[in-house]
Every structure is written in structure tokens, then in C-alpha cells.
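Undergrad:
Chains as they are written, first to last, in our numbering: chain L, 49 to 187; chain G, 3 to 268.
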């Protein structure tokens, strides 16, 4: 059995009346999913990544082209002949140089130097024989 | 012109004929030594095979075969050593830097060693057992250090002989230079004379340096005795000194060239 309290106004429960069906129109806010609310940031990120990518391609291309180019040679310095301030006088042959003894002396020195240069003191044919000493007998 | 060419040809030919026998005899001796060494290797190989057979089977036939092979081997070992000394003897004989007195210093080394080897080789045919072979071989082994010492002493002596030869040529060239300097002195300025004198002094100093090294080498030769390792050490030391002495002579040659240029012009 149900009894009503005295200080409590009685109120009837509101009744929900069904609204007439209104065709819902899609709004831009409603179209975006609620979980991705950062649309402008994403596009900025894409822009940065793209520009870095393009810049990288440019740098790579530049380096590639640089590496393929032949090395530039430095221009050879131009040789400018210097003028001798005083020309060297031709040497005069001494009186001794015209003698046959001097010619023989020159030949003697040339022969001495050539023979000594060509001569090897360490003659390989002189290496002594290496002979076996032990007979290897166990007597 | 034809006569001149013919004369030159005959002079060159006569020099060649004079020089030929000396070179040919040492070459022949070297070929003989090489041949004997080849035979030695073969005899050694045969002996080792026979010894191996004997040690495996211990048969009387194998023992007899080993005795025969060891006789041949021991005799050939003496022969190789002897032919090597004969080759060194030829090298000494044809060396242009030796006088009779120096030859008489080094020849006895060869004579003594050949005498020993001749004595040893006649023992080989009398070997009748492996014990005999051991006894004969021990005599060779006992002489081995002395023989090695003889080899090394003679090799150094031959190299010193060649150095002496070049030193003699150098002395002759310096003598001719002094004659030319004396002839040019009346026409030369004081400055040029001073240059010539300085070159002569430099040549004299270089000759002294060479002579000191040559004396060191000569005095070291008889010291190459004793233990083979000690001999080797001294031998290497002397080789270094020989190279330094040769370098002195080369530098002296360049001084002579400078002197020639100084003499050539006023």
C-alpha cells in the first residue's frame, strides 16, 4: 500500500511525447570524428615533413651532381722567365786541360769510378759449402 | 784509320788473352766444386736411404750396404771441401790486389787444409764397419771449426785484395793529379792553387780513413777462429768494415772528379 508524504508535493511524472521525425542534416562539426580534433596541426606536420623531404632530395641531388663533376684543375702558374742580371761568362779552359796527360787523367778517373761502382765485393760464388757432420749412427 | 782500328783491336785482344786464363781457371775450379757438391748430395742421400733400411731390418746385407755407402759419402765430403779450397786458391791467385808477400800469408791456410783432407780421404777406403766410419767421421768433425775458420779468413782476404787493388788505382790517380797540379801551378791564381791544395788534402784524408779500415780488416783476419758462432759474428763485423772501406774509395773517386773539374778551367 502506498502512502504519500505530507510535505512533499505530489508531482506527476513528466510524460515524454514523441517529437515528429525531423530529417537530420549533417553539419561539418558532426562529420568530423570526435577522436581527431587536431586537424590544423596534422596538416602543418605534413607540410614540415614534406618540405624536409623535398629539401633532402635537393641536397642529395646537389651532392650527387657535385660528385659526378670532374675535379677542376687549378690553372698552372704562368712561368715568366727571369732575366739574368749578369750573364755567366763561359769558362776558359786551362792550359793543362788541353794536354794529353789531362785527357788520360780524366779517362783514368772515369774508369776507376765505373769499375768500382760495378764491382761487388761480396761474391756469391764464395759462400762456403754447408756439410753434414753427424753420421746419425747409433752404435 | 784502318791501321789504327786494327791496332786497337789487337791490343784489346791481347789484354783479353792475358786476362782470360786467370778468370778461366777460377771458373773451371768453381764448376768442379759445384759438380763435386752435386755428387756429395747424391752420396749423402744414398747413405741415408741405406742407413734407414739397416735401422729398419737390421739385416747383415743392409749393414754391408750401409758401410759401402758411408765410405763413399765420407770420401765425397772430403772431396767437396777440398775442391772448395782449390777454388779459393784460384781466386787468390787471380786477385789483382795481392803481392807475393800477402799470397804467402794466405796460401799456407789452404795448403794445411788440403793436406788434412788428403789424409782423411785415404782413410775412407779402409772403413770396414760402421764403427770405423764413425771414427773417421769424428776426425773430420774435429777439424770442422778450423776448416770453417779457414773459409772465412780466405773470403775476407780475397775481398781485402780487391779493395787493395782499387786503392792502388786510386793512389796512381792521385799521383797523376799531383803531377798535373804541379804543371798548372805557374799559370794558376793563388785562389785556384788554394782550391787544388784543399782537394789534395781531402784526398789524403780519405786515403788515411781507407787505410785505417784496411789495417783493421787485415788484423782481424787471424782472429776469426774458435767457435763457429763467434767466427760468424766477427765475419759479419769485418764485412761491415769492408763495405765502409769501399765507400771511402767511392767517395775518393768523386773527389778526384771534382779535382779534375777544378783543374780543367782557369
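All residues carry an ideal CB built from backbone N, CA and C; glycine is no exception.
What does the Cβ neighbour count give for residue 170 of chain G, buried or exposed, with the cut at 16 atoms within 10 Å?
TA: Counting Cβ neighbours within 10 Å, residue 170 of chain G comes out exposed, since fewer than 16 surround it.
Undergrad: Could you please tell me which residues of the stretch 159–193 of chain G, in chain order, have their CB closer than 8 Å to any CB of chain L?
TA: Answer set for the stretch 159–193 of chain G: 160, 161, 164, 165, 168, 171, 172, 174, 175, 178, 179, 181, 182, 185, 186, 189 and 190.
Undergrad: Which of the three DSSP states, helix, strand or coil, is assigned to residue 254 of chain G?
TA: DSSP places residue 254 of chain G in helix when its eight states are reduced to three.
Undergrad: Using a threshold of 7 Å, state whether the C-beta atoms of residue 142 of chain L and residue 268 of chain G are closer than that.
TA: Taking 7 Å as the Cβ cut-off, residue 142 of chain L and residue 268 of chain G qualify as a contacting pair.
Undergrad: Determine the closest residue to residue 214 of chain G out of G:99, G:184 and G:246, with distance taken between C-alpha atoms.
TA: Cα-wise, what sits closest to residue 214 of chain G is G:246.
Undergrad: I'd like to check one pair, residue 126 of chain G with residue 73 of chain G: are the Cβ atoms closer than 7 Å?
TA: Going by C-beta atoms, residue 73 of chain G is nearer than 7 Å to residue 126 of chain G.
Undergrad: To the nearest angstrom, report how far apart residue 237 of chain G and residue 173 of chain L are at their CA atoms.
TA: Residue 237 of chain G and residue 173 of chain L: Cα-Cα distance of roughly 17 Å.
Undergrad: At what residue ranges does the stretch 160–232 of chain G contain a whole run of the alpha helix (DSSP H), taking only runs of 4 or more?
TA: As far as the stretch 160–232 of chain G is concerned, its whole alpha helix (DSSP H) runs of at least 4 residues are 192–222.
Undergrad: Against residue 272 of chain G, what residues of chain L qualify as contacts under a CB-to-CB distance less than 8 Å, listed in chain order?
TA: One cannot answer for residue 272 of chain G here, as it falls past the ends of chain G, which runs 3 to 268.
Undergrad: What would DSSP say about residue 169 of chain L, mapped onto helix, strand or coil?
TA: DSSP places residue 169 of chain L in coil when its eight states are reduced to three.
Undergrad: Can you name the residues of chain G whose CB is closer than 9 Å to the CB of residue 166 of chain L?
TA: By Cβ distance, chain G contributes nothing, its closest Cβ being about 12 Å from residue 166 of chain L, past 9 Å.
Undergrad: State the DSSP-derived secondary structure class of residue 265 of chain G, mapped to helix, strand or coil.
TA: Helix, per DSSP.
Undergrad: Leaving out five residues before and five after residue 138 of chain G in sequence, what residues of the same chain have Cβ atoms less than 8 Å from its Cβ?
TA: Closer than 8 Å at the Cβ level, and outside the excluded window around residue 138 of chain G, lie 76, 122, 125, 126 and 129.
Undergrad: Starting from residue 82 of chain G, find everything on chain L with Cβ-Cβ shorter than 9 Å and list it in chain order.
TA: The contacting residues are 177 and 179.
Undergrad: Which first and last residues belong to the alpha helix (DSSP H) in which residue 110 of chain G is found?
TA: Its alpha helix (DSSP H) spans residues 102–123.
Undergrad: With a 10 Å radius around its C-beta and 16 neighbouring C-beta atoms as the bar for buried, classify residue 262 of chain G as buried or exposed.
TA: Classification of residue 262 of chain G: buried, given that the 10 Å Cβ count is 16 or more.
Undergrad: If you draw a straight line from the C-alpha of residue 148 of chain L to the C-alpha of residue 154 of chain L, how long is it?
TA: Cα-Cα distance, rounded: 10 Å.
Undergrad: In chain L, what lies closer than 7 Å to residue 39 of chain G by C-beta?
TA: Neighbours of residue 39 of chain G on chain L, chain order: 177.
Undergrad: Measuring only between beta-carbons, confirm whether residue 139 of chain G sits less than 7 Å from chain L.
TA: Interface residue, yes.
Undergrad: For residue 155 of chain G, collect the residues of the same chain with a Cβ closer than 8 Å to its Cβ; drop the 5 residues on either side in sequence, then sort them by chain order.
TA: Same-chain partners within the cutoff: 108, 111, 223, 224 and 226.
Undergrad: Can you find a CB in chain L that lies within less than 7 Å of the CB of residue 212 of chain G?
TA: Not one chain L Cβ lies under 7 Å of residue 212 of chain G.
Undergrad: In whole angstroms, give me the CA-to-CA distance for residue 150 of chain L and residue 182 of chain G.
TA: For residue 150 of chain L and residue 182 of chain G, the distance between alpha carbons rounds to 7 Å.
Undergrad: At a CB distance below 8 Å, what residues from the stretch 247–264 of chain G approach chain L? Give them in sequence order.
TA: Result list: 248, 251, 252, 255, 256, 258, 259 and 262.
Undergrad: Taking the alpha carbon of residue 265 of chain G as the reference point, which residue from G:188, G:249 and G:233 has its own alpha carbon closest?
TA: If we check each option's Cα against that of residue 265 of chain G, G:188 comes out closest.
Undergrad: Quick check on this structure: which residue in G:79, G:159 and G:89 has the alpha carbon closest to the alpha carbon of residue 182 of chain L?
TA: Measuring from the Cα of residue 182 of chain L, the nearest candidate turns out to be G:79.
Undergrad: How about residue 132 of chain G: is its C-beta nearer than 7 Å to some C-beta of chain L?
TA: Judged by the 7 Å Cβ criterion, residue 132 of chain G is in contact with chain L.
Undergrad: Run through DSSP, which three-state label would residue 141 of chain L get?
TA: Strand.
Undergrad: Should residue 100 of chain G and residue 164 of chain L be called a contact, given that it needs their Cβ atoms to be closer than 7 Å?
TA: Not in contact: residue 100 of chain G and residue 164 of chain L (Cβ atoms no closer than 7 Å).
Undergrad: I want to verify the contact list: residues of chain L whose CB lies under 7 Å from the CB of residue 46 of chain G, in sequence order.
TA: Residues of chain L passing the Cβ test: 180.
Undergrad: Should residue 168 of chain L be labelled buried (16 or more other beta-carbon atoms within 10 Å of its own) or exposed?
TA: With fewer than 16 Cβ atoms within 10 Å of its Cβ, residue 168 of chain L is classed as exposed.
Undergrad: Please report the distance separating the alpha-carbon of residue 216 of chain G from that of residue 243 of chain G.
TA: The straight-line gap from Cα to Cα measures roughly 8 Å.
Undergrad: Please report the distance separating the alpha-carbon of residue 82 of chain G from that of residue 249 of chain G.
TA: Answer to the nearest angstrom: the Cα atoms are 35 Å apart.
Undergrad: Does the beta carbon of residue 56 of chain G come closer than 7 Å to any beta carbon on chain L?
TA: False, the Cβ-Cβ gap to chain L never drops below 7 Å.
Undergrad: Report the rounded CA-to-CA distance for residue 134 of chain L versus residue 256 of chain G, giving the unit in angstroms.
TA: The straight-line gap from Cα to Cα measures roughly 31 Å.
Undergrad: Please state the DSSP three-state secondary structure of residue 72 of chain L.
TA: Note that residue 72 of chain L has pLDDT 48, beneath the 50 cutoff, so the model's placement of it is unreliable and no number is given.
Undergrad: Contact criterion: CB-CB distance below 7 Å. Does residue 79 of chain G meet it with respect to chain L?
TA: Judged by the 7 Å Cβ criterion, residue 79 of chain G is in contact with chain L.
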